[in-house]
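Using the working numbering, you'd call the opening residue of the sequence shown number 1 and step up by one each time. Just so you know, even glycine gets a beta-carbon here, dropped at the ideal spot from N, CA and C. Please read these numbers as outputs of a predicted model, since none were measured by experiment. Note sheet for the following structure.
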Amino acid sequence: MGTSLTVKKTNEILFYSGILRRWTSLKVSPNATVATHNAYAIVEDGNRVYGWSSRRGTIDSISVSPGRKVLPGPLSANWVTLVQDGKKVYGFSAFQGVFTPITLLNANPSIAVGQLCAVVHDGLRAFGFSVGSGKWASTTAAGQGMNLVAKGNVGLVMSSKTAFAFAGGAEKWVKIDLPSTANPTLGRGFVLWVNGLDITAFSGHLGTVSSYKASQTPSVSFGRQVAAIVVGDQIACYAATQGGFKTVRMKFPAVDANSELITISSSADKKVLGFSGVTGRFSPPLVGNFKVSTNESVAYAKGIPFSYAYSPILDRWVKSPELNSSNITLLRNSVVERRKGGFTAFSARSPFWVRLSASSSASVTLPRRGRGSFLLVSDGNLVHVWDSKLVRWATVRTGTKRQIVGYRVVTLIEDGANGYGFGLFHNSWDSVSLQGPVQSIAANSSIGFIQTSKQLHVFSANGSLSRISRFPEFSRFQLKGKNLRLIQAAPGRSYAITLLGLGVGVQRTPMGVLYLNLSLPIFVLGGALVPSDGRLDLSIPIPNDPSLSGKAIPLQNLILPPSNLPYLTNGIIPILS
């Protein structure tokens, strides 16, 4: 699941890290239980609770009483678990891999756990736990009967007139005075209160408060990182990554708020606008009548004869080269059109459409019903995957009798003789010879496996260079004014040199594939020695410059091992917001 895989035996649990590509073993009793989450696992075994992190590859443990409570975030898509044991509460961050305690005034606190943060109230103080740092922040918040809620990286401790808001991204509390009639709605990156004509927004990324006053009772549309306030022909849009409201006027607007974008269309004005949750800006208008559809990080405006795709990264609409397109698939951050003679694809990362030639009998595999970031085209003994990160089609040759599985950023294929894997973090096909009949094949988020009668083959979509972030590589953002935090897995005592490019390329070299554009300048950001455990933490400060919003920063490491030849790692291309 996510970047982790667990195997439970009678007296042992094995953890596999898709980040570090190594196994860790924990000896347990037969009664031990394990809960596997996106990037970590929690084990309960008698009077001990263990936590394992795929980004650390290590196990931490605490001694607890029989009455402890283990409180993970919602469903499987979370990166934080709290353990309450009397007056002690321990926070476990999937990014840091250790239990961090606080001591409360009483043993009956109120607790809420979200995907990326958690909040605790003991009657006098409010505590916020951030998955990014694995640390607690506190504030005085006296009162009984407080209402607690947490979602994404926002946590609230609320009385009838006051909200103590915790920003997991900024790791700070903000006190907000509100009337009792104000009703909060939480996105993944913000909370919005509507009280009559008054709207208040709090960003979980920035820890800032923004306000807007409507002229009449508004209607509100929400996405994970955006919100739209509509009153007649005036629309105010909010992006949690930027704060503040931006306004525009359109007659009889039709508004669609998705995860990281908003589209506004008007048949009366004959135009369509996009609003970016990445940059906080409106696109130039698209003039004409269009039927608009959206996915999390892309929009599509179908018209006659031409259609357009909207990128919240580029802040613009890009015309499709195909006429009168009809067979359209929207992925998380891409659009794929089926045309006569093949397919044409668009990624929100690039202003270009990329064609693929294929026969009329070619079939399509769509992982997660379009909520993933890629699509596969099977055509005879060829399988083509749409690589939305490098904006290209990547092809592998397999047997014609094959089984394909996929998830958000990973796909696996087996044809009986071989297994094949592709991930959007290392952007290349890998293969393995299979020994024995295939018993099962599965994928989840960025990891998968093929199990035969003799072997278990685990495949990770991550390369040796990865990010410490909930917002993964394929399009989600890196905030300006914060440190870009990286992990480099390499042989101990290697030397890692970090390269920054001004553009993306794919150039094969004797040291591997260079993913930086050689025709543009390449900068050396520095170098560091990899510790003996083979895991290097890197931190790159990102300037808080508004002009950087929507910019991509291609990065790659050159590894100088102590005894082998130098080699290039995979590339990463974070989007700044």
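Query                                                                                                                                                                              : Result
Look up Gln478 in the DSSP assignment and give the residues it is bridged to.                                                                                                      : Leu576
Pick out whichever of Arg125, Ser431 and Met146 has its Cα sitting closest to the Cα of Trp136.                                                                                    : Arg125
One question on the structure: do Val70 and His121 come within less than 8 Å of each other, judged by their Cβ atoms?                                                              : no
For Tyr407, report the span of its beta strand (DSSP E) as first-last.                                                                                                             : From DSSP, Tyr407 is part of no beta strand (DSSP E); its letter is neither H nor E.
Can you check DSSP and say which residues form a bridge with Phe459?                                                                                                               : Gly448
Could you check which residue in Asn333, Ser357 and Gly421 has the C-alpha nearest to that of Lys340?                                                                              : Ser357
Can you tell me the Cα-Cα spacing of Leu366 and Tyr407, whole angstroms?                                                                                                           : 9 Å
In the DSSP assignment, find the unbroken beta strand (DSSP E) run with Ser275 in it and report its ends.                                                                          : The displayed chain sequence assigns Phe, not Ser, to residue 275. Start and end: Lys271 to Ser276.
Contact defined as beta carbons within less than 8 Å: I believe Phe245 pairs with Ala236. What is the distance between those atoms, to the nearest angstrom?                       : 4 Å
For Glu296, count the other beta carbons within 10 Å of its own beta carbon; 16 or more makes it buried, fewer makes it exposed. Which is it?                                      : buried
Are Ala257 and Pro312 touching if we call contact CB-CB under 8 Å?                                                                                                                 : no
Grab me the residues of Val49's own chain with a C-beta within less than 6 Å of its C-beta, minus the 5 sequence neighbours each way, in chain order.                              : Ile62, Val64 and Val83
Decide yes or no for the touch test of the segment 442-460 against the segment 538-549: beta carbon pairs closer than 8 Å, at least 3 of them.                                     : no
Using three-state DSSP, classify Pro472 as helix, strand or coil.                                                                                                                  : With a pLDDT of 43 at Pro472, under the threshold of 50, the predicted position of this residue should be treated as unreliable, and no value is reported.
Ala170 and Ala118 look like a contact to me (Cβ under 8 Å); what is the Cβ gap, rounded to whole Å?                                                                                : Not confirmed; about 15 Å, so no contact.
Kindly list the residues whose CB is nearer than 7 Å to the CB of Gly46, restricted to its own chain and excluding five residues on each side of it in sequence; keep chain order. : Ser29
Should the segment 158-167 be regarded as contacting the segment 186-204, the criterion being three or more beta carbon pairs within less than 8 Å?                                : yes
Applying the criterion that 16 or more other CB atoms from any shown protein chain within 10 Å of the CB defines a buried residue, is Ile581 buried or exposed?                    : Residue 581 lies beyond the stretch modelled for the chain, which goes from 1 to 577, so this question has no answer here.
Which residue wins for smallest C-alpha separation from Leu525, given the options Lys551, Lys172, Leu484 and Asn333?                                                               : Leu484
Which same chain residues, not among the five before or five after Glu473, have their C-beta less than 6 Å away from its C-beta?                                                   : Reliability fails at Glu473, whose pLDDT of 40 lies under 50, so the model's placement of it is uncertain and the value that follows must be treated cautiously. Closer than 6 Å at Cβ, skipping near neighbours: Phe425 and Ile572.
Among residues of its own chain, excluding the 5 on either side of Phe471, which ones have a beta-carbon nearer than 8 Å to its beta-carbon?                                       : Note that Phe471 has pLDDT 48, beneath the 50 cutoff, so the model's placement of it is unreliable and no number is given.
Do Gln488 and Val530 count as a contact pair if the criterion is CB distance below 8 Å?                                                                                            : yes
What is the DSSP secondary structure of Arg485, counted as helix, strand or coil?                                                                                                  : strand
Are Gly492 and Ser466 close, meaning C-beta to C-beta below 8 Å?                                                                                                                   : no
DSSP three-state call for Arg125: helix, strand or coil?                                                                                                                           : strand
Could you tell me whether any Cβ in chain B is nearer than 8 Å to the Cβ of Lys251?                                                                                                : Protein chain content of the structure displayed is limited to a single chain, and chain B is not contained in it.
Count the other C-beta atoms from every protein chain shown that fall within 10 angstroms of the C-beta of Ser267, then say buried if there are 16 or more, exposed otherwise.     : exposed
Going by beta-carbon coordinates alone, are Ile447 and Ala461 separated by less than 8 Å?                                                                                          : yes
Please determine if the segment 501-509 and the segment 551-571 are in contact, where contact requires at least 3 C-beta pairs separated by less than 8 Å.                         : yes
When the Cα of Pro285 is compared with those of Val278, Arg249 and Thr294, which residue comes out closest?                                                                        : Arg249
Quick check on DSSP: helix, strand or coil for Arg368?                                                                                                                             : helix
Around the C-beta of Glu260, are 16 or more other C-beta atoms found within 10 angstroms, so that it is buried, or is it exposed?                                                  : buried
Please state the DSSP three-state secondary structure of Ser63.                                                                                                                    : strand
Since Thr395 and Asn381 are thought to touch, with beta carbons under 8 Å apart, how far apart are those beta carbons, to the nearest angstrom?                                    : Contact doesn't hold; Cβ gap of about 11 Å is too wide.
Could you tell me how far apart the beta carbons of Ala41 and Phe15 are, in whole angstroms, since I believe they sit closer than 8 Å?                                             : 6 Å
Name the two residues that bound the continuous beta strand (DSSP E) containing Lys69.                                                                                             : Lys69 to Pro72
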